[in-house]
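A short write-up of the structure that comes next.
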Amino acid sequence: MVATTRGAGRGEKQQLQRLRELLATAATRGATARLSSDDVEGVEVPRVLLQLMARGAELLAGGYRAAVVEVEKSLTTQQAANILGISRPQLIRLLEGGSIPFHKIGSHRRVRVHDLLRYRDQLMKTRRRSLARITGMSEDLGLYHD
């Protein structure tokens, strides 16, 4: 299952920021929250959902779109390429090269969300390390100034 939303409008951003602060505080302090409506009895919100809601509110308040995706879901190669921000042919090369695990359904390649996110996280860590190394070299050579 995938649930996506558009970015927040101007009036919603302030509400979302306040909601994020409330949810994050509740989740970290072990506090509870209840949801209720006029015709439904209140229900306590589990801590894990408070954390997810806080992150969602943070993203939306920042003007980002957000999606909730089950990690076992399989994506098409086009969906996976879109998430990584690369072309489908580039993704196919990564799959065939063994960089990202995939499976086939008939002749169609499918990529599990958790495998794709693991690859993306490893890529980001490598980029950060490389940038830190380059920054350090620039500082050593006197080329980098704050």
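Quick note: the sequence shown uses this note's numbering, first residue 63, plus one each step.
A virtual CB, placed ideally from N, CA and C, is assigned to each residue, including glycine.
Note that the structure is a prediction, hence the values are computed from the model and not measured.
With a cutoff of 8 angstroms on beta-carbon distance, ALA129 and LEU85 are scored as not near each other. Bounds of the beta strand (DSSP E) holding HIS165 are 165-167.
In the structure shown, THR138 falls within a strand segment according to DSSP collapsed to helix, strand and coil. Collapsing the DSSP output to three states places GLU106 in a strand.
By the Cβ neighbour-count rule, MET115 is buried, with 16 or more other Cβ atoms within 10 Å of its own.
For ALA128, the uninterrupted beta strand (DSSP E) segment begins and ends at 128-131. The alpha-carbon of ARG191 is positioned some 32 angstroms away from that of LEU112. If you ignore the 5 residues before and after TYR206, its C-beta comes within less than 8 angstroms of the C-beta of THR197 and SER200, all in its own chain and listed in chain order.
Taken through DSSP and simplified to helix, strand or coil, ALA119 comes out as helix. Contact fails between the stretch 93-110 and the stretch 123-143, because fewer than three Cβ pairs, one in each stretch, are under 8 angstroms apart.
Between the alpha carbons of GLY159 and LEU185 lies a gap of roughly 15 angstroms. In the three-state reduction of the DSSP assignment, ALA93 falls in the coil class, being assigned neither a helical nor a strand state.
For HIS170, the enclosing beta strand (DSSP E) stretches over residues 170-174. Straight across, the Cα-Cα distance linking GLU74 with VAL102 is about 25 angstroms. In the structure shown, SER98 falls within a strand segment according to DSSP collapsed to helix, strand and coil.
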